[in-house]
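Asks: Residue numbers (mature numbering (1 follows the signal peptide of the UniProt record, and there is no 0)): -31 to -1, 1 to 565. The beta-carbon is built from N, C-alpha and C at its ideal position, and this holds for glycine as well.
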């Protein structure tokens, strides 16, 4: 797979009292599962080359792969197969405590010449994902690969695939028939992963949901048929191109008979979630120590968030050339500041703060400008940041007057704009405790997962409480249903929680990051927030963008007290306020500490 810069470091009811709440706040003694863990780590390798001058962004040298295999064996790790995971899911045999699923995408020739011999030597099972359109090209032909054409001989042949399959160590998965490609996704011509993007055509507009779903089904069904024809059996695993997938894709995969779906989400995978197998993606010939760390991913070890708000109206002039010039300057400024994420307004407001338009195509509001997808995608690919949508649910209800229309608004946002998360604001419920009737066991506890914070556990906890959170009599039900609509369209979204001034400085148990409003110039919320907790961050606010020196002093004070993550709003990218050159040394996530 040819990588793109948007892969940057990448998703029931419960009573949060008694044992359930204790599992959330207790120390490490409750974090240890009593039986072999039903979680495992999965790694998404690609090409394997002999020399460093042959490397691209996703390749690994053969000596490094050998070193990693040796490390696995010497440190008690077991390479498992999809059969092992299926048996564990059925309760027939638990996975080993240290289980890793080794996968290789794209069907490079090195799969046969380098990986296969190593699999035989070590006895390690692997899952290999094939793009059937590439495989069906005749010898001597060219294959369209990302933004370039490469010889068909760069990939394995069907005969080589059959030989590897006969060994019993290599299982082939579908990497799509022809979706390992990008399509135009907005009027500005940005190209985005085809498995999750509604195609835009000048004079025609956006592809409809039914047409998109039909095309996705035809591709996956066609690829599945080809693998059955060539290898004698249909694949049970689907590996999403570029790791991108949505609710329509998951439904289609289930309908077609797939048993597993593999992505590039962060965190460990669980035997109980076969359609959300997260995988770690090594890049740039990842050193052995980092490969080893990836087997025990703990986001707390490296998460450093620098969040800044962005109003698209500041960049939109109505003239495409002028707007793009402003966007370009904003991107360079974001890079200079060392920002890790942007909180971008999805809607336009009038002077009184009322919503009167949207920055994305929707059935519910006038179009202020079809601009949000371009800003989001350019910030992903050129600045390497995450994008969080800001669309307050109560303000949306005031503008639309009907909860069903609000739901459709969020559905349209999820369908049309590439996002990494959403800012939950205007909440009325306290952060904690949270009560729900008839609680089943806490999802993370049931799955044997660590109960301290991790992105995977937070997502699992939200999923387990989804029904109760969205109930009509539940506090903030509309907001939770809004997030559910976005998360369905863009699975594994992160949730930012904007605390109210009356809440205690505590991380919300269902949020990836909790933002606590803090006035510019205060001593960084004192010791309330400076606990070296990367999920609890001051959100410096004021009537105007902060003075750069004041922001730098506030950030430095916060970090001296042990704080890690922070953000600020407002920000003026056009006027460069606060001045990036002055603020960056203190606020850059690239400098404190080293950004991974």
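Quick one: Cα of residue 545 to Cα of residue 302, how far?
Replies: Position 576 of the chain shown, counted from the start, is the residue given in the question as residue 545. Position 333 of the chain shown, counted from the start, is the residue given in the question as residue 302. Their Cα atoms are separated by approximately 8 angstroms.
Asks: Does DSSP put residue 379 in a helix, a strand or coil?
Replies: As a working note, residue 379 is residue 410 in the chain shown. If DSSP states are grouped into helix, strand and coil, residue 379 belongs with the helices.
Asks: Whose CA, out of 145, 171, 174, 434, lies closest to the CA of residue 164?
Replies: Residue numbering aside, residue 164 sits at position 195 when the chain shown is read from its first letter. Checked all of 145, 171, 174, 434; the closest Cα to residue 164 is 145.
Asks: How close, in whole Å, do the beta carbons of residue 94 and residue 36 come, if the pair is a contact with beta carbons under 8 angstroms?
Replies: Within the chain shown, the letter at position 125 stands for residue 94. Within the chain shown, the letter at position 67 stands for residue 36. About 20 angstroms; that fails the 8 angstroms criterion.
Asks: Counting pairs of beta carbons, one from the stretch 284 to 298 and one from the stretch 527 to 535, are three or more of them closer than 8 angstroms?
Replies: The answer is no - the stretch 527 to 535 does not touch the stretch 284 to 298, with fewer than three Cβ pairs under 8 angstroms.
Asks: Does the Cβ of residue 272 have 16 or more other Cβ atoms within 10 Å, making it buried, or fewer, making it exposed?
Replies: Walking along the chain shown from the start, residue 272 turns up at place 303. Classification of residue 272: buried, given that the 10 Å Cβ count is 16 or more.
Asks: Go to residue 91, then tell me how far its alpha helix (DSSP H) extends in each direction, as first and last residue.
Replies: Within the chain shown, numbered from 1, the residue matching residue 91 stands at position 122. Element bounds for residue 91: 85 to 91.
Asks: With a threshold of 16 other CB atoms inside 10 Å of the CB of residue 253, please say whether the residue is buried or exposed.
Replies: By 1-based counting over the chain shown, the position of residue 253 is 284. Exposed.
Asks: With a 10 Å radius around its C-beta and 16 neighbouring C-beta atoms as the bar for buried, classify residue 562 as buried or exposed.
Replies: Here residue 562 corresponds to residue number 593 of the chain shown, with the count starting at 1. Its pLDDT being 39, under 50, residue 562 is placed unreliably in this model, and the value from its coordinates should be taken loosely. Exposed.
Asks: List the DSSP bridge partners of residue 355.
Replies: Residue numbering aside, residue 355 sits at position 386 when the chain shown is read from its first letter. Residue 355 is bridged to 310.
Asks: Taking DSSP as the reference, what is the three-state secondary structure of residue 328?
Replies: Indexing the chain shown from 1 puts residue 328 at position 359. Coil.
Asks: DSSP puts residue 117 in a beta bridge; with which residues?
Replies: Translated into positions along the chain shown, residue 117 becomes position 148. Partner(s): 114.
Asks: Leaving out five residues before and five after residue 555 in sequence, what residues of the same chain have Cβ atoms less than 6 angstroms from its Cβ?
Replies: The sequence position of residue 555 within the chain shown is 586, counting from 1. These residues qualify, in order along the chain: 521, 524, 525.
Asks: Under the DSSP definition of a beta bridge, which residues are partnered with residue 318?
Replies: Along the chain shown, one-based indexing puts residue 318 at 349. DSSP output for residue 318 lists 324 as bridge partner(s).
Asks: Apply the 10 Å Cβ neighbour rule to residue 342 and answer buried if 16 or more other Cβ atoms are within range, or exposed otherwise.
Replies: Reading the chain shown from its first residue, position 373 is the one you call residue 342. So residue 342 counts as buried.
Asks: Rounded to a whole number of angstroms, what is the C-alpha to C-alpha distance between residue 370 and residue 26?
Replies: Looking up residue 370 in the chain shown gives position 401. Looking up residue 26 in the chain shown gives position 57. Approximately 49 angstroms, taken between the alpha carbons.
Asks: For residue 53, which residues from the same chain have a beta carbon less than 7 angstroms from its beta carbon, with the 5 sequence-adjacent residues on both sides left out?
Replies: For this step, residue 53 is matched to residue 84 along the chain shown. Once the five neighbours on either side are set aside, the close Cβ partners of residue 53 are 64.
Asks: Can you give the beta carbon distance from residue 386 to residue 451, rounded, assuming they're within the 8 angstroms contact cut?
Replies: As a first step, residue 386 is located in the chain shown; it is residue number 417 there, counting from the start. As a first step, residue 451 is located in the chain shown; it is residue number 482 there, counting from the start. Contact flag wrong, Cβ pair sits at about 14 angstroms.
Asks: Mapping DSSP to helix, strand and coil, what is residue 578?
Replies: It is not possible to answer for residue 578, since the shown part of the chain is limited to -31 through 565.
Asks: Going residue by residue through the stretch 209 to 241, where are the continuous beta strand (DSSP E) segments of at least 3 residues, counting only ones entirely within it?
Replies: Runs of the beta strand (DSSP E) inside the stretch 209 to 241: 229 to 231.
Asks: Who are the near neighbours of residue 58 in its chain, counting only those whose CB is closer than 6 angstroms to its CB and skipping five residues on each side?
Replies: Locating residue 58 in the chain shown gives position 89, where the first residue counts as 1. Closer than 6 angstroms at Cβ, skipping near neighbours: 240.
Asks: Which class does residue 100 belong to by DSSP, given the choice of helix, strand or coil?
Replies: In the chain shown, the residue the question calls residue 100 occupies position 131. Residue state, collapsed to three classes: coil.
Asks: Leaving aside the five residues before and after residue 456 along the sequence, list all residues of the same chain whose C-beta is less than 7 angstroms from its C-beta, in chain order.
Replies: For the purposes of this step, residue 456 is taken as the residue at position 487 of the chain shown. The residues are 462.
Asks: Using only CA atoms, which one of 443, 460, 250, 331 lies nearest to residue 388?
Replies: As a working note, residue 388 is residue 419 in the chain shown. If we check each option's Cα against that of residue 388, 460 comes out closest.
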